[in-house]
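Protein chains in written order, with the working numbering: chain G, 173 to 547; chain X, 13 to 87. Built from N, CA and C at the ideal position, the CB exists for glycine as well. Below is one structure, written out as structure tokens; comments come after it.
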Amino acid sequence: MTLTKWTAAEVAKKVINNEELFILDVRNADAFADWKIEGHQFEYLNIPYFELLDGVEEILAQIPTDKPLLVVCAKEGSSVMIAEMLTEAGRDAGYLEGGMKSWSEYLEPIKVSDLTNGGELYQFVRLGKGCLSYMVISNGEAAIVDATRMTDVFINFAASKQAKITHIFDTHLHADHISGGRQIAAQTGATYYLPPKDAEEVVFDYAPLVDGTEVKIGTTTIAIQAIYSPGHTIGSTSFIVDNHYLLTGDILFIDSIGRPDLAGLAQDWVRDLRETLYNRYRELSNDLIVLPAHFMIIDELNANGTVSKPLGDLFAENHGLNIEDEEAFRSMVTDNLPPQPNAYQEIRQVNMGKITPSGEEQTEMEIGPNRCAVR
Amino acid sequence: MNVTKVLDAKGLACPMPIVRTKKAVDAIESGQVLEVHVTDKGAIADIPAWAASGGHTILEHTEEDGVLKFWIQKI
């Protein structure tokens with residue numbers, strides 16, 4: 173039977189198109205429980221590869237024959253071995269090229285909308301890690317918000333649109349993933365902006381991103397307006413793009429809100445978080461489309477694969493925006509928080525420029541699920 | 013420690029360290045000890061998990077200069 177190599181892009185299509193897939197995940201039970209490839213119509217079987225060295229016959233009955241079969245491991249090697257054994261046992265089987273490492277790093281660029289005067293807004297969905305980055309393109313210029321370290325994807329995408337990257341923003345100093353902002357700026361000559369209150373310890377030059385900063389992208393001007401919105405970090409800043417899109421960073425997600433503890437100051441920042449969510453955002457138009465920097469669960473994806481929702485809907489539906497009692501709110505965002513993201517303290521150090529790990533080390537640091545929210 | 017056999021699996025990528033380790037353990041007697049040297053980082057979790065699933069005991073493990081060493085006693 174046939175052995176097929178699947179790319180992360182092909183798996184992403186299965187997720188976004190809501191198609192069926194049977195995943196045989198041959199990593200350790202711990203790794204599988206912590207983090208796996210999520211799909212609306214995916215079924216899973218987790219059996220570590222080392223339990224299958226004597227053969228796969230015993231598990232054949234557990235693998236359906238009426239849907240595609242993909243074997244997944246951490247890096248690829250074990251999945252190739254097991255997929256080969258399955259083909260020898262009479263099944264068609266695929267393996268994921270690059271394993272969970274490549275899944276973690278894959279970005280799917282999806283168009284959110286056209287903007288005024290021929291501009292475009294794209295969301296880069298990092299399905300394996302739940303990170304969302306953005307690119308605003310207008311008249312040959314591009315701005316990027318919350319770029320991940322897969323810098324080539326952004327640079328090549330802008331080039332394919334014949335756009336020059338001129339502005340790069342990070343909504344805050346990230347703790348769950350390594351920012352690609354500084355590197356893209358170095359390669360393209362664009363200006364890299366950070367909120368100064370998050371950047372007190374950074375060891376490189378940056379442009380200060382402060383409340384009210386407004387930049388124009390392209391000659392016919394797509395406006396990007398910065399709104400100071402502390403709470404996840406003290407410097408957290410949101411953006412309004414083209415008067416219609418609200419990029420909320422890690423402050424507000426579709427089905428959850430930001431956690432205030434990743435820089436060790438949860439108690440201090442609860443008040444800021446509440447002020448931002450319950451007062452500052454209330455003053456904005458309910459018609460703004462919220463575009464967050466993360467999603468937590470696959471249910472937050474829209475039918476086209478993007479992650480977005482009107483602000484008014486979130487005020488109605490998002491539990492974190494509907495806690496009347498301040499003490500109850502404080503308790504929710506500071507007690508019983510989910511585990512912190514993998515290596516979050518080291519990731520902050522990288523994003524400050526204080527340490528420079530190798531590519532392989534960076535991959536290891538980012539492994540695992542996203543955990544920036546409280547729900 | 014009385015080591016029966018030493019397996020050098022340095023430089024091998026997953027799944028080969030485990031495949032070789034299994035073969036080597038299959039070839040020794042119950043109670044005997046296999047010493048394994050690997051450089052693949054995945055082995056940190058995989059060798060203990062594999063040993064546990066087969067009932068073998070990890071007597072000791074060390075990491076020095078990027079080389080992981082495991083001493084595995086066969087059940």
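Problem - Interface partners of Pro220 of chain G on chain X, CB under 9 Å - result: Asp58, Ala61, Trp62, Ser65
Practice task
Note down the Cα distance separating Gln512 of chain G from Arg543 of chain G, rounded to an integer number of angstroms.
Solution key: 6 Å
Handout entry: Min CB distance Pro29 of chain X to chain G below 7 Å
Key = no
Problem - 7 Å Cβ cutoff, Gly23 of chain X in contact with chain G - result: no
Practice task
Could you name the residues of chain X that Gly249 of chain G contacts, counting a contact when the two beta carbons are closer than 7 Å?
Solution key: Ala25, Cys26, Pro27
Handout entry: chain C residues whose Cβ lies nearer than 7 Å to that of Met253 of chain G
Key = The chain inventory of the structure shown lacks chain C, comprising the protein chains G and X.
Handout entry: Sequence-distant residues of its chain with Cβ nearer than 6 Å to Pro60 of chain X (five each side left out)
Key = Ile70
Problem - Spatial distance of Ile461 of chain G from Lys22 of chain X (CA atoms) - result: 53 Å
Problem - Reference Ala314 of chain G, options G:Met173, G:Val387, G:Pro236, G:Arg452, closest by Cα - result: G:Val387
Problem - chain G residues whose Cβ lies nearer than 8 Å to that of Lys34 of chain X - result: Phe222, Leu225
Handout entry: Buried or exposed by the 16-neighbour rule on C-beta atoms within 10 Å, applied to Thr528 of chain G
Key = exposed
Exercise for the section: Determine the chain G residues that contact Gly54 of chain X at a beta-carbon separation under 8 Å, and present them in chain order. Expected result: Ala246, Lys247
Practice task
Would you kindly report the start and end of the unbroken alpha helix (DSSP H) that includes Gln439 of chain G?
Solution key: 438-447
Practice task
Can you give me the start and stop residues for the beta strand (DSSP E) that Ser410 of chain G sits inside?
Solution key: 409-413
Problem - alpha helix (DSSP H) segment containing Ile219 of chain G, residue limits - result: It is not in any alpha helix (DSSP H) - Ile219 of chain G carries neither H nor E in the DSSP assignment.
Practice task
Classify Glu538 of chain G as buried or exposed, calling it buried when 16 or more other Cβ atoms lie within 10 Å of its own Cβ.
Solution key: buried
Practice task
Give, in chain order, every unbroken run of the alpha helix (DSSP H) that is at least 4 residues long and sits entirely within the stretch 217-303 of chain G.
Solution key: 249-260, 271-277
Problem - Lys185 of chain G versus Asp471 of chain G: straight-line alpha-carbon distance, rounded - result: 16 Å
Handout entry: Reference Ile399 of chain G; option with closest CA among G:Ile389, G:Thr405, G:Thr385
Key = G:Thr385
Problem - Residues near Phe487 of chain G in its chain [Cβ-Cβ closer than 6 Å; skip 5 each side] - result: Leu493
Handout entry: Cβ-based contacts, 9 Å cut-off: residues of the stretch 500-525 of chain G near chain X
Key = none
Problem - 7 Å Cβ cutoff met for Val297 of chain G and Glu280 of chain G - result: yes
Practice task
Report the partner residues of His49 of chain X according to the DSSP bridge assignment.
Solution key: X:Asp20, X:Lys81
Handout entry: Cα-Cα separation, Ala331 of chain G to Thr360 of chain G
Key = 11 Å
Problem - Coil, strand or helix - Lys388 of chain G by DSSP - result: strand
Exercise for the section: Return the CA-CA distance between Glu229 of chain G and Asn190 of chain G, expressed in angstroms with no decimal places. Expected result: 30 Å
Problem - Distance between Asn476 of chain G and Leu175 of chain G (C-alpha atoms, nearest Å) - result: 30 Å
Handout entry: Pick from G:Ala515, G:Asp264, G:Ala465 that is closest to Phe341 of chain G, judged by C-alpha positions
Key = G:Ala465
Problem - For Tyr364 of chain G, the first and last residue of its enclosing beta strand (DSSP E) - result: 363-366
Practice task
Answer with yes or no whether the minimum CB distance from Asn200 of chain G to chain X is below 7 Å.
Solution key: yes
Exercise for the section: Pull up the distance between the alpha-carbon of Lys333 of chain G and that of Tyr365 of chain G, whole angstroms please. Expected result: 23 Å
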